[in-house]
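Quick notes on the structure that follows.
In our numbering, the protein residues as written are 1235 to 1479.
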């Protein structure tokens, strides 16, 4: 009761009090602690045994400071025993209130500072991940821009399509040649520009290419902007990285 009265005025302190070593160990599964004040004389598990169990079985509390509080066992051999099992300090009863408060306050402030540093490290890590993502996105956008410029500069029709047969990109030559706009082309709309006698064979070759992951070549008729059908030689290459063709 006296210790609680001294410690309750420490800012940002949440004091957890138990009556035995066994109950103290149960609390370790529920909370992180800035410091453990551990009485030497306790039923069933004494302070030394409790400290040994904490250091041995609770890695998350491996560095939690343990201060032994005792009214007996003040000779050197007991003090050495306490340090052997992981104590960082001793407080002897009757204690000086300001000494107890000062020691606990130091560990509480250190604990809060470490939490703050960990939170800052998480924020920095998240910011670095976001920055890396944005850089990669910018590179992808620039690569796509260069790809489209190249595709528009060659005298051929270029598609980029999904494995299920939906096309998500045409170069400008497609739109100029067929007279179709983007709404009429992307997805599966492009298939209406392929002659009805050729589309089935073309899609069959497409499926086979996806299954064996090999390119294919074929001839199909594509309807021109003036409704004339013209033969075209198609060379399709699977993009194994993006699973596109």
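Using N, Cα and C, we set each Cβ at its ideal position, and we do this for glycine too. All values derive from a computational prediction rather than experimental measurement.
Fill in: Best match in 1288, 1333 and 1301 for proximity to residue 1240 [C-alpha to C-alpha]
1333
Discussion item. Does chain B have any CB closer than 9 Å to the CB of residue 1238?
Written reply: Within the model displayed, chain B is absent; a lone protein chain is all it includes.
Discussion item. Quick check for students: name the residue ranges of the beta strand (DSSP E) that lie wholly in the region 1401 to 1437, counting only runs of 3 or more.
Written reply: 1401 to 1404
Discussion item. Out of 1411, 1235, 1416 and 1322, which one is the CA nearest neighbour of residue 1401?
Written reply: 1416
Worksheet entry | Limits of the unbroken beta strand (DSSP E) element including residue 1279 | Neither: residue 1279 is in no beta strand (DSSP E) and is coded neither H nor E.
Discussion item. Once DSSP output is grouped into helix, strand and coil, what is the label at residue 1326?
Written reply: strand
Worksheet item: When the Cβ atoms of the region 1405 to 1422 are set against those of the region 1448 to 1461, are three or more pairs found closer than 8 Å?
Response: yes
Worksheet item: Just the Cα atoms here: how many angstroms apart are residue 1477 and residue 1440?
Response: Annotation note: pLDDT 48 at residue 1477 (below 50); position unreliable, no value reported.
Discussion item. Looking at the strands, I want to know which residues DSSP matches up with residue 1338.
Written reply: Residue 1338 pairs with nothing; no bridge assigned.
Worksheet item: To which residues does DSSP link residue 1469 through a beta bridge?
Response: 1451
Worksheet item: Is residue 1268 near residue 1351, with beta carbons less than 9 Å apart?
Response: no
Practice prompt. Round the Cβ separation of residue 1275 and residue 1304 to the nearest angstrom and send it over; I've been treating them as touching at under 8 Å.
Written response: 7 Å
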